[in-house]
Amino acid sequence: MTERLAGDGSDGWGTLFEAWQARNRGEDVIILAIGDPDFGTPEPIVDAAVDALRAGDTHYAEIVGRPKLRELVAARFSAQTGRAWGPEHVMPFAGTQNALFAASLCLLEAGDEVIAFDPMYLTYDATLRAGGADLTRLALDADDGFRIDADLLAGAINPATQAVVLNTPNNPTGAVASVEELEGVAELARRHDLWVIADEVYSELVFEGTHTSMAALDGMAERTVTVSSLSKSHAMTGWRIGWAVAPPRLIGHFNDLGMAMAYGLPGFIQAAAAEALATQDTAVDEMRAIYRRRRDLAAEALAGIDGIDVLVPQAGMYLMVDVRSLPASDDGFAWDLFRSTGVSVVDAGGFGPASDGWLRLSFTESDENLVEGCRRLRDYIASLR
Ligand SMILES: Cc1ncc(COP(=O)(O)O)c(C=O)c1O
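The opening residue of the sequence shown carries number 931 in this note's numbering; numbering runs sequentially from there.
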């Protein structure tokens, strides 16, 4: 178990911790390596938490979640999917991460296999293998923009396969799965009686294309666990509040796990989350507009550089740069860049071999810093020639 929780050992965040220390020492660094919004949580959400605390909401809360929050999540998911979901389909968790962990523990055990596509979010390896299952990683084609490939999945499914994990909109690629791509996976899931674990944490941050939930497709509601949170959409990473939407029977198992694991979430956090969902859509619109503007600024600043390709994202807060054709030391391009320029980015090889030789830049610094970071990257690349 401890070996499984350590994950596959890849050090994806690499330069980030070094960069934080450098920043604390007052050095000139630009940190484009983390998916944590640089703006504060909207005031009304903070006020709702403070009001709840002052009103004495400091006791155990229902393990399966507060009815109001469950209803709001269900209503939002109903509007998004065009299908009817009720509070009985919802359980709040301490972020998407916690909901993923719960899905892993309740759906997978030793002898099972779960399949995910590479590049894949860094925590999936440990999270999906924690309960004893084997994880098969299918490498998507970098030259095809890392689009979902159902044929690849079809070739990998075997009698041990229990679930498929799908992350759309995707971190790190920024791809929004089309209905056709989702249907390719859904058809296989129905045919082979598989669960789909759908990580949709970036669904509110779509710039182009339309986000479709796996659970919206015919025959998928009963075999899909959708996990998401307010971390990215409402700048609430530190609040640790998200949810799973799933068939009621699975919510029952989640409730059992919740009893054993955390004994519920703080009531004042759930009150704040309810406020966020009930009243803060405009704030989300504003944040989406900021990320979109930053995406365009970064894409413009990196356009036309010889030797690299930029994968302009349809959604999310990251942009991928292909530096496979450029020279790098044994430590890798991201470290070379950081040591030469103070710009910290993620070595996307940490998301799996499919994205070896790519960098992931995030839009979580100010516009000026983002553009300056891109300028330093451009100059650094020029200096390699
Ligand atoms: C794809 C993906 N899933 C899950 C998470 C975890 O999010 P949360 O803060 O909701 O636990 C992240 C955070 O970066 C992510 O990128």
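Glycine included, C-beta positions come from ideal geometry on N, C-alpha and C.
CB of residue i within 8 Å of CB of residue j, strictly
i: Val-1253; j: Phe-1263; result: yes
i: Ala-1208; j: Leu-935; result: no
i: Val-1157; j: Ala-1119; result: no
i: Val-1275; j: Leu-1256; result: no
i: Leu-1083; j: Val-1115; result: yes
i: Gly-1303; j: Leu-962; result: yes
i: Arg-1223; j: Ala-1024; result: no
i: Pro-967; j: Lys-1162; result: yes
i: Trp-1288; j: Met-1247; result: no
i: Tyr-1132; j: Asn-1088; result: no
i: Ala-1046; j: Tyr-1054; result: yes
i: Met-1021; j: Ile-1199; result: no
i: Leu-1337; j: Leu-1160; result: Nothing can be reported for residue 1337: it is not among the residues displayed for the chain, which extend from 931 to 1315.
i: Gly-1062; j: Ala-1040; result: yes
i: Cys-1036; j: Leu-1187; result: yes
i: Asp-1071; j: Asp-1081; result: no
i: Leu-1147; j: Glu-1113; result: yes
i: Glu-909; j: Asp-1064; result: This structure leaves residue 909 out entirely; the chain is present only between 931 and 1315.
i: Ala-1201; j: Ala-982; result: yes
i: Asp-1129; j: Asn-1097; result: yes
i: Trp-1173; j: Thr-945; result: no
i: Gly-1137; j: Gln-1244; result: The displayed chain sequence assigns Phe, not Gly, to residue 1137. Contact: yes.
i: Arg-1016; j: Ala-1032; result: Note on residue identity: the sequence assigns Gly, not Arg, to residue 1016. No, they are not a contact pair.
Residue i: CB within 7 Å of a non-hydrogen atom of ligand 1
i: Gly-1025; result: yes
i: Asn-954; result: no
i: Tyr-1221; result: no
i: Ser-1163; result: no
i: Thr-1167; result: yes
i: Asn-1185; result: no
i: Gly-965; result: yes
i: Gly-1172; result: yes
i: Val-1131; result: yes
i: Ser-1274; result: no
i: Ser-1285; result: no
i: Ser-1159; result: yes
i: Tyr-990; result: no
i: Tyr-1193; result: no
i: Asn-1097; result: yes
i: Asn-1101; result: yes
i: Tyr-1310; result: no
Residue interval of the alpha helix (DSSP H) (run including residue i)
i: Ser-1313; result: 1297 to 1313
i: Gln-1027; result: 1025 to 1037
i: Met-1189; result: 1178 to 1191
i: Thr-1209; result: 1197 to 1209
i: Trp-1265; result: 1263 to 1271
i: Tyr-1054; result: 1054 to 1059
i: Ser-1292; result: Not the alpha helix (DSSP H): Ser-1292 falls in the beta strand (DSSP E), residues 1288 to 1292.
i: Gln-884; result: Because residue 884 is not part of the residues shown, which for the chain are 931 to 1315, the question remains open.
i: Leu-1118; result: 1109 to 1121
i: Ala-979; result: 973 to 984
i: Leu-946; result: 945 to 954
Span of the beta strand (DSSP E), counted from its first residue to its last, around residue i
i: Trp-1173; result: 1172 to 1175
i: Glu-1043; result: 1043 to 1048
i: Asp-1064; result: 1064 to 1069
i: Thr-932; result: Run containing Thr-932: none in the beta strand (DSSP E); it sits in the alpha helix (DSSP H), 932 to 935.
i: Ser-1159; result: 1154 to 1159
i: Ala-1233; result: No beta strand (DSSP E) holds Ala-1233; DSSP gives it neither H nor E.
i: Asp-1239; result: 1239 to 1241
i: Asn-1346; result: Any property of residue 1346 remains undetermined from this structure, which presents the chain solely from 931 to 1315.
i: Trp-1125; result: 1125 to 1129
i: Leu-1249; result: 1248 to 1252
Quiz item: On the three-pair Cβ rule with 8 Å, is the segment 1121 to 1129 touching the segment 1138 to 1154?
Solution: yes
Quiz item: Between the segment 976 to 987 and the segment 1190 to 1206, are three or more C-beta pairs nearer than 8 Å?
Solution: yes
Quiz item: Are at least three pairs of beta-carbons, each pair with one atom in the segment 1236 to 1244 and one in the segment 990 to 1000, less than 8 Å apart?
Solution: no
Quiz item: Can you find at least 3 beta carbon pairs, one from the segment 1133 to 1147 and one from the segment 1097 to 1108, that sit closer than 8 Å?
Solution: yes
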